[in-house]
Structures are given as C-alpha cells and as structure tokens.
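A.B. asks: For the sequence shown, the working numbering assigns the number 111 to the initial residue and increments by one for each residue that follows. Cβ coordinates follow ideal geometry from the N, Cα and C atoms, glycine included. Note that the structure is predicted; figures quoted are calculated from it, not measured.
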Amino acid sequence: MTKKAKLVLIDGNSLCYRAYYAIRGLTSSKGFPTNAIYGFVTMLNKIVEDNAPTHLAVAFDRKEPTFRHKKFKEYKITRKPMPDDLVGQIPYIKDVLKAYNIAAFELAGYEADDILATIAKKAAKKDFLTFIVTGDKDMLQLVNSNTMVCDTHKDDLIYDASKVEQRFGVGPDLIKDIMALMGDSTDNIPGIPGIGEKGAMELVKKFGTIENLLSSVDKVDSKSKRELLIEHAELAKMSKELATLDYDVPIEVDLDKLEVALPDKRRLLEIFKELNFKSLVNQLSTRKELDAAYKLIDSEAGFDKFFNDIKKVKEFALDFETTNADPMVAEPIGISFCWEEGKAFYVAFSEKGPLSKKNVFEKLRPLFENENIKKVGQNIKYEILILMNNGVDLKGIDFDTMVASYLLNPSKLNHNLEDISLEYLDHKMISITDLIGKGKKQISMKDVDIEAVSKYSCEDSDVTFRLKNILDKDMSEKGLSELFYNVEMPLVKVLAKMEFNGVCIDTDLMESLGKEMEGSLKKLEAEIYKIAGEEFNINSPKQLSVILYEKLKLPVVKKTKTGLSTDEWTLRRLAVRHELPNKLLSFRELAKLKSTYIDALPKLINPKTGRVHTSFNQTVTATGRLSSSEPNLQNIPIKTDLGKMIRKIFVPTDKKNLLLSCDYSQIELRVLAHLANDKTLIHAFQKGLDIHAYTASLIFGVREKDVDESMRNTAKTVNFGIVYGMSAFGLSSALEIDIEKAKNFIDSYFERYPRVKEYIEECIATAKETGYVTTLMNRRRYIPDIDNADIRVRQFAERTAINTPIQGSAADIIKVAMLNIDKMLEEKGLSAKMTMQVHDELVFDVPEKELDKTRQIVKKCMEEVINLKVPIVAKASMGKNWLDIE
C-alpha cells in the first residue's frame, strides 16, 4: 500500500510571534536582535523532525488591508502593531526559508490563514495527509479526516475531528459559527455582546449553523440570549463572514514543488554565522580539517629537535592537557605548542625518563619564564596555574583569546574556543566529549589514545594562534586594544596569583556554625508547622501555595504560569499581613546559606594546601565586573547576622597574620558625579560630606543636621536607585511607598542634581545612536533592545545603558588598582597576598609586621588609581577574620 504524502503547513506569523516572545534578549555580536529568527529556526527544525513531512510550505500575512477590512473597518483594529525589533527580523526568517528550499506564500489582500486553507483544499483533493501549525482557532474549521491542526497556544495540542468535538462540542464545520457568536478579541471579530464561549457552544450544539439558529430564534430557551440574537442578528452574520476562511485565494500552487528538498547549506551557514547562531552552525557543519600538520613528541630525539626549533621563536601559543578542569588539582599529561599557523607539536609526558613532566618543565623553564617571548592562550590563566603548581612562573603573557572575545562582545554567553573558532574561522573543532565522553561514562584524559590527545591539543593551540591576529585586529578597530593590553591581560596573572594563594577557612567554627544552623532550621520548621496548623513540604511551592492562599486565605499578590507565586518578593508583601511569610523567609535564607557555604565549603578545601581556591571569572559579567565561583564570594550577604557569621569563618593563613580589607567608599556615586559633571554632587564629595545625608537634606528640604536615619536611608535608596536607572515604580517597591511619592523623590533629586538627569538622557541617546555605551576606559557594551517596541524590554535596556558606564567604570577602576597594588607589593618585597575581590572590596592576607606598610600601599593605590573630578576614598580595616575587621 502506498504511503500517503504528508503536507505540513505553517502559519509563519504565528510561529514568528511565538518565537519572539519565547526568547528574550538574544542578539548578534553587532547588537541586532535575533531572538525571533533563532526561535523560528529551532521550532521549524523540531516541526520537521517530529512530523517527517514529504511536503512543506509556510504562509505569511501582509500589511495591506484584506477583504475582511472592507466588510468591517474595525477588523483587527485592537491588535497592536508588530514590534519594531520583530519587523526587522522577518526578512531574515524569509531568507532562512529560501535557503531551506521551503516555499513561502503571501498575497496582498489575503491573510496567511486563507492561503493555508487554499493549499489544504488542493491537498485534500490529492488525498494528502495535511498538518497545519498555527495559533489561530479559526483554522480548526479546516479539520477533517485528512487534515489536523497543531495549536501552538495550547502546548502544541493536536486537533483532529474528535478532539475538536471534545473541546467545542461540535464538529469542525461549525467552529466558524461558534466564533460568530462569541467573537474573537484577537482579530476584533465582534460576535454577539453578552454571549461567551460557553453560551456559543451550547447554542451551536443545539441549533447548528448561525443561519439555522437565527431562523429558529424563538426556540431559544433563555430570554436574554433570545433578545441578544434578535438585536444583533446582522452582527452575527457578519462575524461569521469574518471568521470564514477563503479557500480560493488566487495563488499558483503546485503541490509537487512543495516537496521537501535538501537545503542550501552554504547559504544557511552564511546567515547563521552572521547572526552568531553557534549551535545552528554546529548542527550544519561537517567537521572539515584545517590545513595543518600536527606532530606528536614522545621520544627524547623528537623532543630535542622540537626544543631546538621552539627556542628560536619570539611567540607561541600553548595548551595543557590534564586530568581535571580545576587547575589546583589537575595533573598535566602533556602540552602543545604552536608558533606558525597549521603547525603544532604535542609533548606527551612520560612517567619517568627524559620526557617526564619534571624534566620537560625544567628544560622549557627558560622559555616559560622569558618575559620577551610572547605567550598566547585560550583561558591562559589555567596554564599559568598549572605551571605555578609545578614551580614554574609563566611570563610574557601577551594574549588570551577568551578575554579578547569577551571584550568584543561581553553580553555573549560563551567565549569557549569552539564557539570562537566557528565564528571567526568557520572551523568546527574536535569536541572534548569525543575523547572523554560525558556523564557516568566519562573517562580521564590520561586514558585516551595518545594520538587522539595529540591531535586534539595541537588543534587547540593552532586555532588559538590563528585567532590571535584576527581578534587583535577587531579590538584595534573598536578601540579596545588599550583596555585589553594595559588592564585585562596583566590582570590575568594577578587573578591567577590570587587563586593560587587561596583563602583559609576556620573549619572548627564552620562545623560549629553548621550544627547551630541545623538546630535553628529545625526550630524554624517546627514554628512554621505550628503556625500553619499542619506539616507540609516547605520547599514545595505547590504545597506552600495551598497553605498561604487556601488555608490562611492570604491575598494573591502575584501569579505565575504554574500557579500562585510564593517567591521572596511575594512573601515580603504578605509578611505585613501574617507571621508565617516572615518565618518562611528566615527559613529560606538560613537553608540557602547553609547549603551554599557551610555544607559546600568543606568539599572545596584543597587537600594539599588546606585552603579554598576560589575561581575569579574575568569573562562572565556584561559590565566588566569580576565574578567568583566555588564558592561565589559575591553572594555572601553582609547586612544580615547570618551572612556576617559566614564571613567570620574566613581567616588568615597564619596565626601571626591578619586580614586587611580595603573597600571603596561609594565608588559608583563618585563615578556618577564625574561622568555627569554635576556641580552639586561634585561639591558634596569634594567637601567630604555624608552624601546620603546631604541628598536627604536636599530632597526633604531640611538642614543636614536635622536629617534622621529614616530620611538618610530613603536618600541612600534614591542615590543608588538613580545609578541603576530605577523607575518610580522600582523605587516605590524598594521603599514600600506609593508610586506618586516615589516619583516626587526622583523629581526632587533631579531638581537638585540637574546634570545627572541630563547625563542619563545622554546615555540613552548614545545607546540609540551607536547601539552601545562605554566606560571611562572605553569598555563597550551593546544595548540591542534600546528601541524595542515592548516597553518593559526597552526600559530594561535603558536602565542598562544608564548603569553600565557607571558600574563598568567602577570595574575598570578596581582592576587597575589591583594591578598597581600587585606591582607595589612585589617591588617593596612584601609577602602580603591579595586573596579576595568582592564588589568594591579587596582582601589581603598580611603578616602583622607588614601591616602598616601594606595598608599604606593598598590605600594609596586604590585612591590614586585615576584622576576624577571628585576624590576617591578607600577605607582600610583589619582583623583576625573577615567579619571582625576594624
């Protein structure tokens, strides 16, 4: 028996909108919005994969009025215009379809629905099995024994005739009659006022078509419905006309030409690369070998020849292969080098003999430690740490491709070598999982075939070397070279030293604190159960929702897709009405701190050093700030008693040492004063005034000495809220006041600091004009959503445009300070170690006898790092742990 041809018809506009709202914030490296394109392509691929069509077509609406507008001028008048940033993506979507060799239909005066209906009708005559992907209910009238509809608004629910009847109580042929009665708010089909979906379904089920219903209106039981039908009979007839699809759109459709064909892979790759769709490029790419010659060095003679060559070069890329992603525990098994595109060497370490790790490192030490030989790497901090752990000090660190990629587009999620290679070299690299696997079946690199490891490692160093000049040129053209070479690259070594130094943990105190927290959690748990009147799973949003809203009858503050919200924001608002939300908040905070730090830190203590070696991440935040992981030091709360106790477990490495902390005072507000050039704000900082009390005196209209704590706290929230582009709504939430009062605070602030308001407007204007904003040191961040039609998305982009130059400049400042401090400590021969960087604070492990000198150096370097129009102030304090510093 011959298998039926399967035709998949796609409502292009419906899928575009679904993709647009499903993914937010995705842009190309140039800042062009790409969320709808990416979502459309991935959904299209899934539709094809799931349905295996033999034939395929897409239809789009056009902007011209249709025959329905002529019948009813208010047709679709309530529908918002397509967002501007979606409009710009439609041509790319059509280009993608063309490259896929998928037919795309559109015709002035007709909707996509009518085109799909026309094609479906032709397909039915040829006995095709037709599958329509859409979000429009009116398409259900097309359903028959050979035609089904996939409703994208209902989790891709498939409607056949029985499913339509199950849902609406009538067959597909009567769907337009139901819509004629109930109307459709999306398309502004009026229907009959006062008759909803339920009433429409009941009437159509009993009377059938609109025509039959109106001719039998006297038999309608409900007096009110009967009167409505009589009064609005003509409206019902017109609504049915609007809901009825046109099966005879004048388009040429040759079903044979809709047959699924091979895509134009070259064109698809061009589009996907332009838009930085790495995963899609990866799916399309077949691995093509680079024009390269890689050599495995596994003998003494081979190494001698290699060494004679490498000692003559002035620049090389290097890449270690090890047994672990953590450089503090990893065991190196080999290293590759490249100093000429297409040529790379992998030196495989042996257990003993001439090519043992120790012998190779000693032989190569003069090259590693030669400042005049430039070293290139991808995440070269890893190589630095591997060598530090083996007694070698890597010098001449010139270029990191990961850092360069980050500077060029800090909003990108990934800066791994595979992605950069695809983007710039059109080369799909060997995946690490091809060698070691993943999950439970993952093996160690030392157990992989040596030839495979050699090829993998050589490719890494070769690709890294090739990328250097490309990325270098790109940075130069964008004015990023000075920031890269003078700040970011020197910082790599400083961060490596900090990670190597590590931090010491008071394990006894940590254990004691853990027991105390466990007891507190059990006590809180019992109190929560007592207040709730029953036991339940505190960590289950569903069970908690039942307690809060059904049992305690608390008001619904916020809803989510899955039910009623029980998040922190919601609980804080419910806490003013009942004691349970406060207990829940305390329980959550305590449980999170315990699991994140007290339970996790013991596992992070290095067995060899007895310390925790936090990773400082240079290529994560879009603002330029550093982040940290394992553990995340940035997330330790400093205002709560519990957070303070976590800080207490961080101690010096020696009993004769102290911790020195130096923290910038209001650095972001000082940067704001400088960038905005606001005379009033500058005056306050130059006079050394309490900026929050001073602002309070201005916005409340009182003398500074009459400012109370409440006023100061309000002004502090306003000050920092302005830095983060906070709206009146945001300020009202933060201060728990009404929006009008919050607006008055902001207006009053701008009256007193007029240049700040102008500066904010300039930031937004710059982002609109150039597509990006910059910091004091020319760090760049793209703001792709600055013109987004969605007001919430646009406002977030505006806040980003306001905050990034300020926060990013503060990041620049502390990074340069770190470089200067590291240099001065080394020049003065001090053994003090920089161990942590958290927000605007630097922490040092200092011998007590060096304390005064170190404090002077650190404070001087931090305060004299850059010339601003206001003084930079850093406050130094010291103590036996991170909490008790004075």
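1) In chain order, what residues of the same chain have a beta carbon less than 7 Å from the beta carbon of ALA227, not counting five sequence neighbours either side?
2) Applying the 10 Å Cβ sphere with the 16-neighbour rule, what's the burial state of PHE795?
3) If you draw a straight line from the C-alpha of MET258 to the C-alpha of TYR220, how long is it?
4) Is it right to say GLY798 is buried, meaning 16 or more other beta carbons lie within 10 angstroms of its own, or is it exposed?
5) For HIS784, which of helix, strand or coil comes out of DSSP?
6) Between LEU961 and the rest of its own chain, which residues show a CB-CB distance below 8 Å, the 5 nearest in sequence each way excluded?
7) Where do the ends of the alpha helix (DSSP H) carrying GLU871 lie?
8) Terminal residues of the continuous beta strand (DSSP E) containing GLY989?
9) Just verifying my parser: in three-state terms, what is the DSSP assignment at ARG891?
10) Taking the continuous beta strand (DSSP E) assigned at LYS484, which residues delimit it?
11) I'd like the list of long-range same chain contacts for MET887, defined as Cβ closer than 6 Å, with 5 residues on each side in sequence excluded.
12) Specify the secondary structure class of ILE443 as computed by DSSP and reduced to three states.
13) Looking at the structure shown, is ALA736 part of a helix, part of a strand, or coil, going by DSSP?
14) Reducing DSSP to helix, strand and coil, say where ASP294 ends up.
15) Mind checking who GLU951 pairs with in its DSSP beta bridge?
16) For VAL761, which residues in the same chain have their Cβ closer than 6 Å to its Cβ, ignoring the five residues on either side in sequence?
17) Which residues bound the alpha helix (DSSP H) around MET153?
18) Going by DSSP, what residues sit across from THR240 in a beta bridge?
19) Using the C-alpha atoms, what's the distance from VAL656 back to SER650?
20) Three Cβ pairs or more, each shorter than 8 Å: is that satisfied between the region 568-586 and the region 442-460?
21) So, for MET585: in the same chain, excluding its five sequence neighbours on each side, which residues have a beta-carbon less than 7 Å away from its beta-carbon?
22) Within the same chain, show all residues whose beta-carbon is closer than 8 Å to that of ILE540, passing over the 5 residues directly before and after it, in chain order.
23) In whole angstroms, what separates the C-alpha of VAL833 from that of LYS826?
24) Per the DSSP calculation, GLU425 is bridged to which residue(s)?
25) Determine the DSSP secondary structure at LEU166, reduced to helix, strand or coil.
26) Could you name the residues that DSSP lists as bridge partners for ASN727?
27) Is the CB-CB distance between LEU532 and VAL391 below 7 Å?
28) For the region 892-906 against the region 915-934, do three or more pairs of beta-carbon atoms, one drawn from each stretch, fall closer than 8 Å, so that the two count as touching?
29) Where ASP816 and SER858 are concerned, what is the direct C-alpha to C-alpha distance, given to the nearest angstrom?
30) Excluding the 5 residues preceding and the 5 following MET111 in the sequence, name in chain order all residues of the same chain whose CB lies nearer than 6 Å to its CB.
31) I want to know whether the region 670-685 touches the region 706-721 - three or more CB-CB distances under 8 Å.
32) Closest to GLU351 by C-alpha separation, out of ASN596, THR176 and LYS603, would be which residue?
33) Label ILE203 either buried or exposed according to how many other C-beta atoms from any shown protein chain fall within 10 Å of its C-beta, with 16 as the threshold for buried.
34) Does the distance from the C-beta atom of VAL314 to that of VAL280 stay below 7 Å?
35) Going straight from the alpha carbon of LYS652 to that of THR433, what length do you get?
36) Counting only the same chain and skipping the five closest in sequence on each side, list residues whose C-beta sits under 7 Å from that of ASN1003.
C.D. replies: Let's see:
1) If you number the sequence shown from 1, residue 227 lands on position 117. Closer than 7 Å at Cβ, skipping near neighbours: LEU252, LEU355, ASP356 and TYR357.
2) To locate residue 795, count along the sequence shown from 1; it is residue 685. So PHE795 counts as buried.
3) The residue given as residue 258 occupies position 148 in the sequence shown. The residue given as residue 220 occupies position 110 in the sequence shown. MET258 and TYR220: Cα-Cα distance of roughly 22 Å.
4) What you label residue 798 is simply residue 688 of the sequence shown in a count that begins at 1. Result: exposed.
5) As a working note, residue 784 is residue 674 in the sequence shown. Three-state DSSP puts HIS784 in a helix.
6) Within the sequence shown, the letter at position 851 stands for residue 961. Counting only Cβ-Cβ distances below 8 Å, and skipping sequence neighbours, we find LEU768, LEU770 and MET988.
7) The residue you call residue 871 lines up with position 761 of the sequence shown. Residues 864-880.
8) On the sequence shown, residue 989 is found 879 positions in, with the first residue counted as 1. Unbroken beta strand (DSSP E) run through GLY989: 984-989.
9) To locate residue 891, count along the sequence shown from 1; it is residue 781. DSSP places ARG891 in strand when its eight states are reduced to three.
10) Here residue 484 is taken as the residue at index 374 of the sequence shown, counted from 1. 484-487 is the span of the beta strand (DSSP E), which, as asked, contains LYS484.
11) Taking the sequence shown and counting its residues from 1, the one referred to as residue 887 is at position 777. Hits under 6 Å: LEU593 and ASP922.
12) Position 333 of the sequence shown, counting from 1, holds the residue named residue 443. Correct three-state label for ILE443: strand.
13) Numbered from 1 along the sequence shown, position 626 holds the residue referred to as residue 736. The residue asked about is misnamed: residue 736 is Leu in this sequence, not Ala. The answer is coil: DSSP assigns LEU736 none of H, G, I, E or B.
14) Here residue 294 corresponds to residue number 184 of the sequence shown, with the count starting at 1. ASP294 falls in the strand class under three-state DSSP.
15) Translated into the one-based positions of the sequence shown, residue 951 becomes position 841. Answer is ASP773 and VAL948, bridged to GLU951.
16) Looking up residue 761 in the sequence shown gives position 651. These residues qualify, in order along the chain: CYS614, ASP616 and ASN991.
17) For this step, residue 153 is matched to residue 43 along the sequence shown. Here the alpha helix (DSSP H) through MET153 covers 145-161.
18) Taking the first residue of the sequence shown as 1, we reach residue 240 at position 130. According to DSSP, which records beta bridges pairwise, THR240 is partnered with LEU117 and THR257.
19) Position 540 of the sequence shown, counted from the first residue, corresponds to residue 650. Position 546 of the sequence shown, counted from the first residue, corresponds to residue 656. Cα to Cα, SER650 sits roughly 10 Å from VAL656.
20) yes
21) Taking the first residue of the sequence shown as 1, we reach residue 585 at position 475. Same-chain partners within the cutoff: ALA514, LEU517, LEU518, SER591 and PHE594.
22) If you number the sequence shown from 1, residue 540 lands on position 430. Cβ neighbours of ILE540 beyond the five flanking positions: ARG397, LYS565, TYR566 and GLU569.
23) On the sequence shown, position 723 is the one that residue 833 refers to. On the sequence shown, position 716 is the one that residue 826 refers to. Near 11 Å, if we compare the C-alpha coordinates of LYS826 and VAL833.
24) By one-based count along the sequence shown, residue 425 stands at place 315. Answer by DSSP bridge pairing, in chain order: LYS484.
25) For this step, residue 166 is matched to residue 56 along the sequence shown. Strand.
26) As a first step, residue 727 is located in the sequence shown; it is residue number 617 there, counting from the start. Answer by DSSP bridge pairing, in chain order: SER737.
27) Along the sequence shown, one-based indexing puts residue 532 at 422. Along the sequence shown, one-based indexing puts residue 391 at 281. Cβ distance < 7 Å, so LEU532 and VAL391 count as in contact.
28) no
29) Working through the sequence shown from its first residue, we reach residue 816 at position 706. Working through the sequence shown from its first residue, we reach residue 858 at position 748. Approximately 18 Å between the Cα atoms of the pair.
30) Here residue 111 refers to the residue found at position 1 of the sequence shown. With a pLDDT of 42 at MET111, under the threshold of 50, the modelled position of this residue cannot be trusted; read the value that follows with caution. Around MET111: no qualifying Cβ.
31) no
32) The sequence position of residue 351 within the sequence shown is 241, counting from 1. Measuring from the Cα of GLU351, the nearest candidate turns out to be THR176.
33) To locate residue 203, count along the sequence shown from 1; it is residue 93. Per the 10 Å Cβ criterion, buried.
34) Numbered from its first residue, the sequence shown carries residue 314 at position 204. Numbered from its first residue, the sequence shown carries residue 280 at position 170. Cβ distance < 7 Å, so VAL314 and VAL280 count as in contact.
35) Translated into the one-based positions of the sequence shown, residue 652 becomes position 542. Translated into the one-based positions of the sequence shown, residue 433 becomes position 323. The alpha-carbon atoms of LYS652 and THR433 are separated by roughly 43 Å.
36) The requested residue 1003 does not occur in the structure, where the chain is confined to residues 111 to 996.
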